[in-house]
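Trainee: In my numbering, the protein residues as written are 1065 to 1992. Ideal Cβ positions, reconstructed from N, Cα and C, are used throughout, including at glycine.
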Amino acid sequence: MSNLHALPESLYQLGQTRFASLYEGQAEQHKIINLLSLSDFAWNCLQSQPDLKDWLLDDNELANRTVELPLNSTEINELDDSAAMAKLRLYREKYWLKVAYLDLCCANPIADSITYISALASQLIDSANQWAFAQVAKVSGMPLDNEGNAIPMLVLGMGKLGGGELNYSSDIDLIFSYPRDVATQGGRRSVEAQVFYTKVAQKLIMALNQTTVNGQVFRVDMRLRPFGESGPLVMSFHAMEDYYQEQGREWERYAMLKGRLIGTENLYWKEFYELLRPFVYRRYIDFSVIESLRKMKQMIAQEVRRKRLTNNIKLGAGGIREVEFVVQALQMVRGGREANLQTQSLLIALKELVNNQVMSSKEADVLTQNYLDLRKIEQYLQIFADKQTQTLPDDELNQQRLCYLLNKDDFKQCLTSIEQTMAQVHGEFEQVIGFESETADPCESEYISAWEMTDVSLMCEPNLDWQAALEDFKARLTKAKIGSRGRDILDKLMPLLLKQLTVTKASSDAFTMICQVLNKIISRTAYLELLYENPGALNQLVALCCHSKWIGEHISRYPILLDELIDPQVLYKPTPLSAYKDEIRQYFLRIEHGDLELQMEALRQFKQTHQLRIAAADATGVLSVMKVSDHLTALAEAIVEQAVNIAWHACVERFGQPANTTEQEKGFAVIAYGKTGGFEVGYDSDLDLVFVHNHDGSSYTDGDKSIDSRQFYLKLARRLMHLFNTRTASGILYELDTRLRPEGASGLLAINLESYYHYQQTQAWTWEHQALVRSRMIYGQDSLSERFAQIRKDVLCQPRDNEKLKTDVVEMREKMRAHLAKGDDELFDLKQDRGGITDIEFITQYLVLNNAVQYPELTTWSDNVRILADAARLGCITVQMQQELVAAYIAYRSRYHVMSLNQQGRCAPRAELTQHIDLVSQAWQQVF
């Protein structure tokens, strides 16, 4: 049979010109001229293999549907990569040329053409699989069964390939699997099955997908495999069964319905189909698939709109995809009960639906004819240039070609005819599938699509910087222990998260941080449900991670904090400064008194919870930087007090109490230095502490295991160190640094307060007195607190040689700067560079040590801001200098604080802080 009507003149001239250039001097052959005029692909093929002309004109060959082997058994075993790939590509070119000739010049029925091209493709894939297996086996040996037979890799063809309805220029969707986890035998060295079959899969993909001088056999798409792009390239039967039973989703059921094993049937095929059948086909009539398919179609419709796809005969309303949806929906609904519907072929399924009286023969005939008409048009469009397209042409040449093939006078008639066909299809689709009304957010399904396809570009307002983080998150999911319930929740949660991230215009860092949080909770379905069922909690998580990287890290380390996100009124309202100690006491009333492990966890959770509340208020501007430090300091003090109480009870229970002590007056105190002493605790600050007591070695505890009091307080201090520094499931409490105690690291961990005083008077260095300026007692009975205040005042008010003091302070500062400063010409180290925070602190300490002998009021406070205010009031510095130093100090701390929240270190652009740097440097010169 042939297309009998004449070509338009311009097309015929194109064909003539091409024929003459290929076959100069030969008599014109009209069918070949037609072929050359209608297909650029055919023109390219005959340029490379002109002898195929006579093969095409052989009527016996045109009627032949026998599928020849691309590679014989010898070639499968002996051909190297380049030779094998060349043979596969020339085979594909030859037989695709034949199909083009059949369709364009012989009016071949489209049902025959797609069946034939599917058989040819299957043979190409099977030959490539056999060749890849043989090549890998040469090096690694091969897995063998108990009878010594090779265990093959199974190749599952999906989509139209699986259905035996492949289009002309389709890519191919494949899934690889192997039957048994058996190591190889007979190679240079044995390898595990997973390694062997992965190598086979990689070589198979290369054989088909790689572009060479002879082109490409197929574009190979592996994204339909379990876990998508992030999943293993090949999986065992057992692993695949586990995946689909526990994690398979509705769209995967839909896709797997088309799955067909490629090649010659072997003893493993039945087993493979049996393990997949329960996933694809439910034993009951399953109407839930209708809803799933409706949503999938909405996603496709929105994708068509997003990409502005017009005149698309596959994805548009009434296109090829809608026919597939109708048939496959009915198959999935009833296929579990009606086995004759369990077929990969759409055309066979339509016939069986009529046989089962699910569809009338008239409806089936209309769908069949319209489907074949659309497939024929698709075939023409792709044969023109061997391109995968379903969009009607907008160029004059291809419009003219299509008009000729459809026997229409002009392109407008083509469009009218196609629109009528698609309208009929869409009517059937709406009857079976139906449509929900548009959601309030037209992008809703695009977030679902972005998650399902791991492609953020599918969203309304895509942030392409998120793509890497999304891919990484999906990759990690493959290794996570997550059940079907957890995966269902995650599939519902992630589109909501993508939407919220879009609304807040989150950065890629924030997206990565939230993925990090999710990675920590992925196997704990309750937390996933918390975020899904509480949109407010999800919104707070996004908002806080956008505000602060530190908060995101904090939540990811301690997922229990997600509970705190449920109630924003509590979250953004930190505990009053005076209430932390009372709140922790109330908190510990619920904790078993003797359960040390539980107490340690409770201390950490209390800290983490309240740090999160402070950080939330901080990140949203509810608290200033000074107030944040006040809260973090008050929190640390409350925790220290509670930890002392826990340690005290543990030691008393074992050794009894020291003489003249009670629960309220333990004879033990904690002196805070540095940031804790100066009310400047940060989120990740360690605590500089010194432990003191008021007992000597002549008194003993009153327990059965009595020890002298000094030993008791040493054990108490060690117990405190254990409570703080031990790493539990919730991390450490605080890093405790006790090196500021007398004699430093070699000194006693807990020292008598009078011995402490003697050391300060007789042995302490200038830098130790500087440290004393920023010290205060944060725990201890009134008598100890008052005595320490007096000791501190006495030491700080000692007369000092001004020049020696200056020298000591300046030398220590230069030494610190040389070892610790990280700035350069562009970046300014807020803490250690010249003109930075430490310069201000040293100026403050010097002012106290130099002037307290005359003005004891300078010892009243331990924080820099109030000391500087007193120094100006007392005339030690000018009010202007005080204002400039305080302004710089607050500016530096604010900047340092923000950078800490975002984990950006402590170096800021020098140019942004020039004025403060210069003023602090000038003050340094004036003071020293």
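Exposed or buried, which one is residue 1946 when buried takes at least 16 other CB atoms within 10 Å?
Mentor: Buried, since its Cβ has 16 or more Cβ neighbours within 10 Å.
Trainee: In terms of alpha-carbon separation, which member of 1311, 1914 and 1074 lies closest to residue 1295?
Mentor: For the residues 1311, 1914 and 1074, the minimum Cα distance to residue 1295 belongs to 1311.
Trainee: Are residue 1030 and residue 1782 touching if we call contact CB-CB under 8 Å?
Mentor: The structure shown does not extend to residue 1030, since the chain is modelled only from 1065 to 1992, so the question has no answer here.
Trainee: I need the straight-line Cα distance from residue 1613 to residue 1846, nearest angstrom please.
Mentor: Distance between the alpha carbons of residue 1613 and residue 1846: 41 Å.
Trainee: For residue 1634, which of 1920, 1084, 1677 and 1559 has the nearest alpha-carbon?
Mentor: If we check each option's Cα against that of residue 1634, 1677 comes out closest.
Trainee: Can the beta-carbon of residue 1217 be found less than 8 Å from the beta-carbon of residue 1265?
Mentor: In this structure, residue 1265 lies closer than 8 Å to residue 1217 by Cβ.
Trainee: Suppose you measure from the CA of residue 1619 to the CA of residue 1592; what does that come to, to the nearest Å?
Mentor: Roughly 14 Å separates the two Cα atoms.
Trainee: What residue does the alpha helix (DSSP H) around residue 1098 start on, and which one ends it?
Mentor: From DSSP, the alpha helix (DSSP H) with residue 1098 extends over 1094-1102.
Trainee: Considering just the uninterrupted stretch of the alpha helix (DSSP H) at residue 1232, what are its terminal residues?
Mentor: Neither: residue 1232 is in no alpha helix (DSSP H) and is coded neither H nor E.
Trainee: Are the CB atoms of residue 1305 and residue 1339 nearer to each other than 8 Å?
Mentor: Taking 8 Å as the Cβ cut-off, residue 1305 and residue 1339 qualify as a contacting pair.
Trainee: Take residue 1385 as the anchor and find which of 1865, 1468, 1494 and 1884 has the nearest alpha-carbon.
Mentor: Answer by Cα proximity: 1494.
Trainee: Assuming contact is defined by CB atoms lying nearer than 8 Å, are residue 1290 and residue 1247 in contact in what I supplied?
Mentor: No. Outside cutoff.
Trainee: Does residue 1917 come within less than 8 Å of chain D when only Cβ atoms are used?
Mentor: Absent from the structure: chain D. Only one protein chain is present.
Trainee: Measure the C-alpha to C-alpha separation of residue 1670 and residue 1989 and round it to an integer number of angstroms.
Mentor: Between residue 1670 and residue 1989, the C-alpha separation is close to 46 Å.
Trainee: Taking the alpha carbon of residue 1564 as the point to measure from, which residue in 1535, 1548, 1599 and 1589 has its own alpha carbon closest?
Mentor: With distances taken between Cα atoms, residue 1564 lies closest to 1599.
Trainee: Since I believe residue 1837 is in contact with residue 1909 (beta carbons under 8 Å), could you give me their beta-carbon distance rounded to a whole number of angstroms?
Mentor: About 5 Å separates the two Cβ atoms, so the contact holds.
Trainee: Got a sec? Which residues, its chain only, sit under 8 Å from residue 1675 by beta carbon, not counting five neighbours each side?
Mentor: Within the same chain, residue 1675 has close Cβ partners 1618, 1696, 1699 and 1747.
Trainee: With which residues is residue 1145 paired in a DSSP beta bridge?
Mentor: Partner(s): none; residue 1145 has no beta bridge.
Trainee: Is residue 1299 helix, strand or coil when you go by DSSP?
Mentor: Correct three-state label for residue 1299: strand.
Trainee: So, with DSSP's three-state summary, where would you put residue 1567?
Mentor: Helix.
Trainee: Going by beta carbon distance, what residues of the same chain come within less than 8 Å of residue 1473, once the five residues before and after it are set aside?
Mentor: Closer than 8 Å at Cβ, skipping near neighbours: 1467.
Trainee: Report the partner residues of residue 1735 according to the DSSP bridge assignment.
Mentor: Residue 1735 is bridged to 1754 and 1841.
Trainee: Within the continuous beta strand (DSSP E) that includes residue 1220, where are the two ends?
Mentor: 1218-1221 is the extent of the beta strand (DSSP E) around residue 1220.
Trainee: Helix, strand or coil, according to DSSP, for residue 1678 in the structure here?
Mentor: If DSSP states are grouped into helix, strand and coil, residue 1678 belongs with the helices.
Trainee: Tell me, please, whether the stretch 1066-1082 touches the stretch 1423-1436 by the rule of three or more beta-carbon pairs shorter than 8 Å.
Mentor: The answer is no - the stretch 1423-1436 does not touch the stretch 1066-1082, with fewer than three Cβ pairs under 8 Å.
Trainee: Please report the distance separating the alpha-carbon of residue 1288 from that of residue 1538.
Mentor: Residue 1288 and residue 1538: Cα-Cα distance of roughly 14 Å.
Trainee: Using the beta-carbon count (16 or more within 10 Å), is residue 1756 buried or exposed?
Mentor: Counting Cβ neighbours within 10 Å, residue 1756 comes out buried, since at least 16 surround it.
Trainee: Between which two residues does the alpha helix (DSSP H) containing residue 1124 stretch?
Mentor: Start and end: 1123-1127.
Trainee: Quick check: the stretch 1957-1966 against the stretch 1682-1692, are at least 3 beta-carbon pairs closer than 8 Å?
Mentor: They touch, by the three-pair rule.
Trainee: Put residue 1523 into one of helix, strand or coil per three-state DSSP.
Mentor: Residue state, collapsed to three classes: coil.
Trainee: Got a sec? Which residues, its chain only, sit under 6 Å from residue 1935 by beta carbon, not counting five neighbours each side?
Mentor: Around residue 1935: 1911 and 1941.
Trainee: Measure from the alpha carbon of residue 1334 to the alpha carbon of each residue in 1308, 1301, 1322 and 1313, then state which is nearest.
Mentor: Nearest of 1308, 1301, 1322 and 1313 to residue 1334, Cα basis: 1301.
Trainee: Return the chain-ordered list of same chain residues with a C-beta closer than 8 Å to the C-beta of residue 1535, the five sequence neighbours on each side being excluded.
Mentor: Correct list, in chain order: 1293, 1294 and 1518.
Trainee: Between the Cα of residue 1993 and the Cα atoms of 1720, 1803 and 1317, which residue gives the shortest distance?
Mentor: Nothing can be reported for residue 1993, as the shown portion of the chain is limited to 1065 through 1992.
Trainee: For residue 1839 versus residue 1851, is the C-beta spacing smaller than 8 Å?
Mentor: Cβ atoms of residue 1839 and residue 1851: not closer than 8 Å.
Trainee: Classify residue 1740 as helix, strand or coil using the three-state DSSP reduction.
Mentor: If DSSP states are grouped into helix, strand and coil, residue 1740 belongs with the helices.
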